[in-house]
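Trainee: Chains as they are written, first to last, in the working numbering: chain A, 702 to 1225; chain B, 11 to 368.
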Amino acid sequence: MADVVPSDPSTLEPPPALLEAIGLTKRFGALVANDHVSLAIRAGETHALLGENGAGKSTLVKMMCGLLQADSGELRFEGAPVSFPDPAASRARGIGVVFQHFALFDALTVVENVALGLPRHEGLAALAARIEACVHRYGLQVEPYRRVGELSVGERQRVEIVRCLLGDPRVLILDEPTSVLTPDESESLFRTVDLLTAEGRAVLFISHKLDEVRRLCQRATVLRGGKFIAEVDPRRESAASLARLMVGAEVPRTPRIVTHELGEPRLLVKNLNLKGDGSRGSALIDINLEIRAGEIIGIAGVAGNGQTALFEALSGERLGGDAEAIVIDRTPAGALGPTERRALRAGFVPEERLGHAAAPDMRLSDNVLLTTHGDGRNVRHGVISHSVLHAMFGEIVKRFDVRFGGRDPKARRLSGGNLQKFVIGREVLREPVLLIVDQPTWGVDAAAASFIRTTLRAKAAEGCAVLVISQDLDELLEFTDRIAVMCEGRLTAPVPVEETSREAIGLAMGGAETASAQGDADAA
Amino acid sequence: MPLKLERQENVPLAGLIAAPFVALAVTLVVGAVMFLAMGQDPVEAFRIYFIDPLGDPYTLQELVVKSCPLLLIGVGLAFCYRANRWNIGAEGQYVVGAVFGSWLALATHGTEAGPWVLPAMLVLGAVGGAAYGLIPAFLRVRFGASEILTSLMLVYVAQLGLDYLVRGPWRDPAGFNFPQSVTFDAVATVPLLFEEGRMHAGIVIALVVVVVATFVLGRTLVGFSIELGGSAPRAAAFAGFDERRVTYGVFAVSGGLAGLAGIIEVAGPIGNLQPSISPGYGFTAIIAAMLGRLHPVGILVSSFILALTYIGGEAAQISLRMPFDVTRVFQGTLLIAILAADVLVRYRIRRVEGVRHA
């Protein structure tokens, strides 16, 4: 593997730490989220922060950027003690953060969103020019005048990065940046990161993808259970040894069970067309797909190529196709709403956990109702049975190991991985015959991701048909049976995983097939 | 020095509960300053305003009578506001409900119509209010028009429509040209609960509405879909709840209850249709809904408090020669104080770091 690191700092005198956390401790009630955690980021390095969900990564990052205040311990910037009472103070010192959940307004354009974050007033045109310059310099693809609502997750992330870079940060913190990117996009992000570190900036890279960390980062700090475990040179570790440090045990790979017989078609999509509604989401063009009981089909593709539209068309949130275009378990479902499709024993897990899969400000137990109210268990004659609801809630929490503080917190309070386990568990316990999952492990730690994949695999083995939409190609290659690729609203025919390769899929993701199809159309 | 609001991660429950009490306290302080500025002894004024009415059996009854429309309208508004739909036009829906119900009272006036008249009037009133409430709902669903503006503007349409009716076609021919309808027949009048006093059967209806609304909002799927639609619209769509249906539903309930309040008031304490059938109940009920935390039982309490500002205002007019506008000032101060208290509980104010200007 080519070494993408411009210089190896271990052969040089170590530069002084740009940003240093020394013995930071943070308690939330009885929970010690960070227990004397230390971390030093040096200028010009890419430093990885590794750890499971609940390991304390987010808490540490929030303390380093002024969102939280440490109970004890100190922060140093270039050797001098500093305190960040609020995010503005850390920004003033040159610390920029790109969070997993973006803070962008859908209705505004890129440049308007960026302008909102800036203290000074400058003309939008001047700002757009600055964005263009930044985009050009660091190889980030962002169009200043596009409306954020139209952008894919990957594009939104680039907007956030540009917004940070305009503040000329000395330390850039990236929270799970590659979880929404294609291999190509990740590569270009890595090039951006290399350019940044070559300029003497430091990057703190939070990721669960151990291969990436090993390629990109010169040092890695590992947290587990709120404690500092080790600081290692990831290039000298194996993915397995890093994973051991993170979880304290071996992470099992998802067992591939392809021996079972495939059953009848559970989902049949025939010539599904959907017009783009202009404000957001691409159109769907002639989608055809068949999923049979017992198999897992993966849909790969770069964010923003119609995956969200496809998910919403399948879940019934977006109607407009032919009634016959979508058949769930032999029943034409194209004109049915989400509740009626769930009654056909279909289950759906959307990409966005907060605000789509779950109501952030409602309690978890109430969030159980979202997808189960039509199942005839917790609602009788329109009246909610809170005792049944709580029993179902308890079962999800127990069987899917959902961890949180308190008895029944608001969904907002859960970490990403735990909320995802809850959302997946909510669907799985409905005993669906068809399960459609968009980005099952986005921003979820290795152990939880492995658990989720194993769960989906087990459902397929029980005869459920599973459709997984994911931008994580490795994940799809690891645990699906067949893979189709989505590009510009079209879907390729699914190909068995054994008969395809990263390269072939990568090519299709880039539109190789669509391009040739268009060529044919032009010729005709 | 620029300030900014930052959303708090964990909103303390105690703060949410305390907010309305703090708001009441602030209102009293502002009131005291106002009384001082008007050359009144604040202690004396407060006694007349807020204490004396509570000690007198007649005014206590009046308090209940005045809180009845506030309660009905306020509970309806809670449906809207929970769904994040801002119906500001309850006053208009109240008027249209009164007009619809009164039509039957006038149509059957002087006939031998039986006791079915009053129930039919109440139904008509509710239907009229609901239909009027559905207009801003339709404009929002169909055209994306702000329901805040459309519902508010429709208030004036309704009031002027009522004005036309009682000065024109519905005017009592034997009424010496006063702009009012004939006095309703006994079968078209809301009966009194007791021989003595002014407590009428509408109060029982309002209490039943509180019980039903508490159940619907707290225990049923409909209540859940309203709450979810207001809290996370995309999650509500994912859960299979149609946003348009929720919008129509909450406006129908809200308008219906306002209309019911209107016809009860006209067929009860007032007794005929006049140009001024409401001292701003539809607007004051907004304050009652917010002060009552959008919970029917809370609104039951807050309706009494706001009714007290009306009663106290009347007493102050008589014994202190203060204008009725003082009541409005109290109510307005209270609303601002509640909204501010809510913001301060949910957000914290931070000073923005001084920005260097180039």
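Heads up, the beta-carbon is just placed ideally off N, CA and C, and yes, glycines get one too.
Helix, strand or coil: which one does DSSP assign to Cys766(A)?
Mentor: On the first sequence, residue 766(A) is found 65 positions in, with the first residue counted as 1. Correct three-state label for Cys766(A): coil.
Trainee: Hey, out of Glu1189(A), Pro788(A) and Gly757(A), whose CA is closest to Val923(A)'s CA?
Mentor: Sequence index remark: in the first sequence, residue 923(A) carries index 222 (1-based). Selected option, being the one with the closest Cα: Gly757(A).
Trainee: What is the DSSP secondary structure of Ile832(A), reduced to helix, strand or coil?
Mentor: As a working note, residue 832(A) is residue 131 in the first sequence. The answer is helix: DSSP assigns Ile832(A) an H, G or I state.
Trainee: Check distances from the C-beta atoms of the stretch 1054-1071 of chain A to those of chain B and list, in chain order, the residues that come in under 9 Å.
Mentor: Those would be Leu1055, Gly1056, His1057, Ala1058, Ala1059, Ala1060, Pro1061, Asp1062, Met1063, Asp1067, Asn1068, Leu1070 and Leu1071, in chain order.
Trainee: Once the 5 residues before and after Thr898(A) are set aside, which same chain residues still bring their CB inside 8 Å of it?
Mentor: Within the first sequence, numbered from 1, the residue matching residue 898(A) stands at position 197. So the list reads Pro707, Gly745, Glu746, Thr747 and Val904, once near-sequence residues are dropped.
Trainee: Please identify the residue among Phe60(B), Gly138(B), Thr69(B) and Gly240(B) whose C-alpha is closest to the C-alpha of Arg95(B).
Mentor: For the purposes of this step, residue 95(B) is taken as the residue at position 85 of the second sequence. Looking at the Cα atoms, Gly240(B) is the closest of the given residues.
Trainee: Determine whether the Cβ of Ile723(A) lies closer than 9 Å to any Cβ atom of chain B.
Mentor: Within the first sequence, the letter at position 22 stands for residue 723(A). With 9 Å as the cut-off, Ile723(A) does not count as an interface residue toward chain B.
Trainee: Tell me, please, which residues DSSP counts as bridged to Tyr357(B).
Mentor: The residue you call residue 357(B) lines up with position 347 of the second sequence. BP columns for Tyr357(B) point to Arg17(B).
Trainee: Helix, strand or coil for Thr810(A)? Go by DSSP, reduced to three states.
Mentor: Position 109 of the first sequence holds residue 810(A). Thr810(A) falls in the strand class under three-state DSSP.
Trainee: Mapping the DSSP letters down to three states, classify Phe778(A) as helix, strand or coil.
Mentor: As a first step, residue 778(A) must be located in the first sequence, where it is residue number 77. Three-state DSSP puts Phe778(A) in a strand.
Trainee: Counting Cβ pairs closer than 8 Å, one from the stretch 1038-1053 of chain A and one from the stretch 1123-1134 of chain A, do we hit at least three?
Mentor: Yes: at least three Cβ pairs fall under 8 Å.
Trainee: Nearest-angstrom Cα distance between Cys918(A) and Arg936(A)?
Mentor: Residue numbering aside, residue 918(A) sits at position 217 when the first sequence is read from its first letter. Residue numbering aside, residue 936(A) sits at position 235 when the first sequence is read from its first letter. Approximately 8 Å, taken between the alpha carbons.
Trainee: Terminal residues of the continuous beta strand (DSSP E) containing Ile287(B)?
Mentor: By 1-based counting over the second sequence, the position of residue 287(B) is 277. Ile287(B) -> no beta strand (DSSP E), and no H or E assigned at all.
Trainee: Kindly identify the DSSP beta-bridge partner or partners of Ile1029(A).
Mentor: Locating residue 1029(A) in the first sequence gives position 328, counting from the first residue. According to DSSP, which records beta bridges pairwise, Ile1029(A) is partnered with Leu968(A) and Thr1032(A).
Trainee: Any Cβ of chain B within less than 9 Å of the Cβ of Pro1033(A)?
Mentor: In the first sequence, the residue the question calls residue 1033(A) occupies position 332. By this cut-off, Pro1033(A) is not an interface position.
Trainee: Which residues of chain B have a Cβ atom closer than 8 Å to the Cβ of Ser1016(A), listed in chain order?
Mentor: Within the first sequence, the letter at position 315 stands for residue 1016(A). Phe248, listed in chain order.
Trainee: State yes or no: is the beta carbon of Pro1051(A) nearer than 9 Å to at least one beta carbon in chain B?
Mentor: Walking along the first sequence from the start, residue 1051(A) turns up at place 350. Output row for Pro1051(A): interface = yes.
Trainee: Could you tell me whether any Cβ in chain A is nearer than 9 Å to the Cβ of Ala245(B)?
Mentor: Indexing the second sequence from 1 puts residue 245(B) at position 235. Yes, because at least one Cβ of chain A sits closer than 9 Å to the Cβ of Ala245(B).
Trainee: Suppose contacts are defined by Cβ-Cβ distances below 9 Å. Is Met1187(A) in contact with Ile1170(A) by that definition?
Mentor: Position 486 of the first sequence, counting from 1, holds the residue named residue 1187(A). Position 469 of the first sequence, counting from 1, holds the residue named residue 1170(A). Cβ atoms of Met1187(A) and Ile1170(A): closer than 9 Å.
Trainee: Would you say Gly228(B) touches the ligand PLP, meaning its beta carbon is less than 8 Å from a heavy atom?
Mentor: No copy of the ligand PLP occurs in the structure displayed, which carries no ligand at all.
Trainee: For Ala1218(A), does the three-state DSSP call read helix, strand or coil?
Mentor: Here residue 1218(A) corresponds to residue number 517 of the first sequence, with the count starting at 1. Its pLDDT being 38, under 50, Ala1218(A) is placed unreliably in this model, and the value from its coordinates should be taken loosely. DSSP places Ala1218(A) in helix when its eight states are reduced to three.
Trainee: Checking contacts by CB at 9 Å: is Glu237(B) closer than that to chain A?
Mentor: Locating residue 237(B) in the second sequence gives position 227, counting from the first residue. So, interface residue.
Trainee: Would you say Asp352(B) lies against chain A (beta-carbon separation less than 9 Å)?
Mentor: In the second sequence, counting from the first residue as 1, residue 352(B) sits at position 342. No, Asp352(B) lies away from the interface with chain A (no Cβ there is under 9 Å from its Cβ).
Trainee: Ser7(B): buried (16+ other C-beta within 10 angstroms of its C-beta) or exposed?
Mentor: Any answer about residue 7(B) is impossible in this case: the structure gives chain B only from 11 up to 368.
Trainee: In terms of residue numbering, what span does the alpha helix (DSSP H) encompassing His1087(A) cover?
Mentor: Working through the first sequence from its first residue, we reach residue 1087(A) at position 386. Residues His1087 to Arg1100.
Trainee: So is Val1080(A) in contact with chain B if we call contact Cβ pairs under 9 Å?
Mentor: Taking the first sequence and counting its residues from 1, one reaches residue 1080(A) at position 379. Val1080(A) counts as touching chain B.
Trainee: Within the same chain, show all residues whose beta-carbon is closer than 8 Å to that of Cys1165(A), passing over the 5 residues directly before and after it, in chain order.
Mentor: Within the first sequence, residue 1165(A) is the residue found at index 464, counting from 1. Arg967, Ala994, Gly995, Pro1133, Val1134, Leu1135 and Leu1136.
Trainee: Have a look at Phe778(A) and Phe1101(A) and give me their C-alpha separation to the nearest angstrom.
Mentor: Mapped onto the first sequence, residue 778(A) falls at position 77. Mapped onto the first sequence, residue 1101(A) falls at position 400. Cα to Cα, the separation comes out at about 41 Å.
Trainee: How would you write the range of the beta strand (DSSP E) that Cys1188(A) sits in, first residue to last?
Mentor: Position 487 of the first sequence, counted from the start, is the residue given in the question as residue 1188(A). Start and end: Arg1183 to Cys1188.
Trainee: Hey, how far is the Cα of Val151(B) from the Cα of Phe251(B)?
Mentor: Your numbering for residue 151(B) matches position 141 in the second sequence. Your numbering for residue 251(B) matches position 241 in the second sequence. So the two alpha carbons sit approximately 15 Å from each other.
Trainee: What's the call for Phe806(A), buried or exposed, on a 16-neighbour Cβ count within 10 Å?
Mentor: Taking the first residue of the first sequence as 1, we reach residue 806(A) at position 105. Classification for Phe806(A): exposed.
Trainee: If we require 3 or more residues per run, which beta strand (DSSP E) segments fall completely within the stretch 1001-1068 of chain A?
Mentor: You should have 1027-1029 and 1047-1050.
Trainee: How long is the line joining the alpha carbons of Glu888(A) and Leu852(A), rounded to whole angstroms?
Mentor: For the purposes of this step, residue 888(A) is taken as the residue at position 187 of the first sequence. For the purposes of this step, residue 852(A) is taken as the residue at position 151 of the first sequence. When rounded, the distance between both Cα atoms is 20 Å.
Trainee: On the criterion of 16 or more Cβ atoms from any shown chain inside 10 Å, does Ala24(B) qualify as buried, or is it exposed?
Mentor: Sequence index remark: in the second sequence, residue 24(B) carries index 14 (1-based). Label assigned to Ala24(B): exposed.
Trainee: For Glu275(B) and Ala108(B), which I take to be in contact (beta-carbon distance under 8 Å), what is that distance rounded to the nearest angstrom?
Mentor: Here residue 275(B) refers to the residue found at position 265 when the second sequence is read from its first residue. Here residue 108(B) refers to the residue found at position 98 when the second sequence is read from its first residue. Right, the Cβ-Cβ distance comes to about 7 Å (below 8 Å), so this counts as a contact.
Trainee: Return the CA-CA distance between Arg981(A) and Gly41(B), expressed in angstroms with no decimal places.
Mentor: Within the first sequence, the letter at position 280 stands for residue 981(A). Within the second sequence, the letter at position 31 stands for residue 41(B). Residue confidence for Arg981(A) is low, a pLDDT of 46 falling below 50, so the modelled location carries little weight; the figure read from the coordinates is stated next. Computed Cα separation, rounded: 51 Å.
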